[in-house]
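J.: Have a look at this one.
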Amino acid sequence: MLTISQLAATAGVTVRTVRHYHHVGLLPEPERDGSGYRRYSAQAAVDLIRIRTLADAGVPLARIDELLRAQPTEFASAIADIDAELRRRIDQLTENRRRIAELAGGEGLVLPPEVVAILNRMRDLGISERRVRLERDSWILMRALNPDAVPQRVRDKNASLDDPETTRLYLACDRAFDWDPHDPRLDRLIDDLDAWEVAHERDSQPGGLALVVSRISEASPAWQRIVTTLVHRAERRRAAALRSPRPARQVEQADQVEQAALSPGEDAAARHRRVGVAGGPTHRE
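As numbered in the numbering used here, the sequence shown has no gaps in its residue numbers, which increase by one up to the final residue, 347.
The structure is reproduced here in structure tokens:
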């Protein structure tokens, strides 16, 4: 006769498992002997091994008792049903694993492949994972609020990442994340970003690099200062354009050309008289 510990060791289970099988009615609980201990027969060991084998194969405990009592044909039919159920569960678990793998990056579930490719390009360029995650969030917001704009934005973003100057600014902004908002290095960076915006005629949307869009700026006081300053400068350019019949940048360029064309010692008024600007058409002599 076997003690409960010996029975458990024989079947390769724990004493707690044996007691659980007693509780659910799979394994009969023997009477206690005169010393108060349960003693198990060899048949109990055989039954426990069969129960453990079926449980390890994935058979639900609720069906094990049925199988233990089944005739061979009934047993085969029940096993076929259980096998079909296990296959269904395996397929579901395989699908769950695929989705979990996608969740590890958190991108493929909510963003199209072309946007995921952009995020991977940013990683390849050496942009920090922190910055890439913020970029991802911005794409999620854009796709939710203005999905029609995404295809053009994808084209613009890829073109930007092809440009060395744009890439330099991405990396510079990334490094500035932890800077104090009053760090003097930000002044030069803001000037560079503003020049990029003017050159690309994107002052209608401050922060065309998407490094300075509002979602991203929330993460860093330094980036918030960049956003605020660029927005202010863009508003000034728009106001200047409204006051002038020509865009502010064209006015500035025209002034520079005009100044360069002045003869030595000739002031602007003299230049205007010579070309007939200040006083109407040039008088013929």
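Think of the CB as a built atom: it goes at the ideal place given N, C-alpha and C, for glycine as much as any other residue.
Note that the structure is a prediction, hence the values are computed from the model and not measured.
Arg348 by DSSP, collapsed to three states: which one?
T.: Residue 348 cannot be examined here, being either before or after the span of the chain that is shown, 63 to 347.
J.: Under the assumption that Arg183 contacts Leu223 (Cβ atoms under 8 Å), give the Cβ distance between them as a whole number of angstroms.
T.: 5 Å
J.: Between which two residues does the alpha helix (DSSP H) carrying Ile113 extend?
T.: Ala104 to Asp118
J.: Taking the C-alpha atoms as reference points, what is the distance between Gln214 and Ile152?
T.: Rounded to whole angstroms, Gln214 to Ile152 spans 41 Å at the Cα level.
J.: Return the chain-ordered list of same chain residues with a C-beta closer than 6 Å to the C-beta of Ile180, the five sequence neighbours on each side being excluded.
T.: Lys219
J.: For Gly96, verify whether its CB is less than 6 Å away from any heavy atom of the ligand MG.
T.: The ligand MG is not part of this structure, which contains no ligands at all.
J.: Does the distance from the CB of Glu280 to the CB of Val216 come in under 7 Å?
T.: no
J.: In this structure, does DSSP put Leu88 in helix, strand or coil?
T.: Per DSSP, reduced to three states, the secondary structure at Leu88 is coil, with no helix or strand assignment.
J.: If you drop the 5 nearest sequence neighbours on each side, which residues of the same chain put their C-beta closer than 7 Å to that of Arg95?
T.: Residue 95 is actually Asp in this sequence, not Arg. For Asp95, where only same-chain residues beyond five positions count, the Cβ hits under 7 Å are Arg101.
J.: Where Leu273 and Ser306 are concerned, what is the direct C-alpha to C-alpha distance, given to the nearest angstrom?
T.: For Leu273, the pLDDT reaches just 40, beneath the cut-off of 50, and the residue's location in the model is therefore unreliable, although a value from the coordinates is still provided. When rounded, the distance between both Cα atoms is 31 Å.
J.: Report the three-state DSSP secondary structure of Leu304 (helix, strand or coil).
T.: helix
J.: In the DSSP assignment, the alpha helix (DSSP H) including Arg125 goes from what residue to what residue?
T.: Unbroken alpha helix (DSSP H) run through Arg125: Leu123 to Arg131.
J.: For a test of the three-state rule: what should DSSP assign to Arg101, helix, strand or coil?
T.: coil
J.: Please check the pair Thr76 and Ala107, which I expect to be a contact at CB under 8 Å, by giving their CB distance rounded to whole angstroms.
T.: About 15 Å separates the two Cβ atoms, so there is no contact after all.
J.: On the DSSP bridge assignment, give the partners of Leu148 in chain order.
T.: Looking at the DSSP assignment, Leu148 forms no beta bridge with any residue, so it has no partner.
J.: Hey, Leu88 and Ile66 are a contact pair by Cβ (cut 8 Å); roughly how many whole angstroms apart?
T.: Not confirmed; about 15 Å, so no contact.
J.: Looking at the strands, I want to know which residues DSSP matches up with Leu64.
T.: Tyr102
J.: Give the DSSP bridge partners of Arg94, in chain order.
T.: DSSP, once it has assigned bridges, lists Arg100 as partnering Arg94.
J.: Can you grab the Cα-Cα spacing for the pair Asp109 / Gly98, in whole Å?
T.: 23 Å
J.: For Pro243 and Arg205, I'd like the C-alpha separation in whole angstroms.
T.: Pairing Pro243 with Arg205, the inter-Cα distance amounts to about 30 Å.
J.: Pairs of beta-carbons, one from the stretch 223-234 and one from the stretch 195-205, closer than 8 Å: are there three or more?
T.: In short, these stretches do not touch, since the Cβ pair count stays below three.
J.: In the DSSP assignment, the alpha helix (DSSP H) including Pro246 goes from what residue to what residue?
T.: From DSSP, Pro246 is part of no alpha helix (DSSP H); its letter is neither H nor E.
J.: If you draw a straight line from the alpha carbon of Ile252 to that of Glu169, how long is it in whole angstroms?
T.: 30 Å
J.: Return the residue from the list Leu155, Ala119 and Glu136 that minimises the CA-CA distance to Asp145.
T.: Ala119
J.: Let's test the definition: count the other Cβ atoms within 10 Å of the Cβ of Ala124 and tell me whether it reaches 16, buried, or not, exposed.
T.: exposed
J.: For Pro209, which of Glu197, Ser190, Pro174 and Arg192 has the nearest alpha-carbon?
T.: Pro174
J.: Work out the CA separation of Glu157 and Arg247 for me, nearest whole Å.
T.: Taking the straight line from one Cα to the other gives about 50 Å.
J.: Have a look at Asp240 and Ala211 and give me their C-alpha separation to the nearest angstrom.
T.: 31 Å
J.: Rounded to the nearest angstrom, what separates Trp285 and Glu147 at their Cα positions?
T.: Trp285 and Glu147: Cα-Cα distance of roughly 55 Å.
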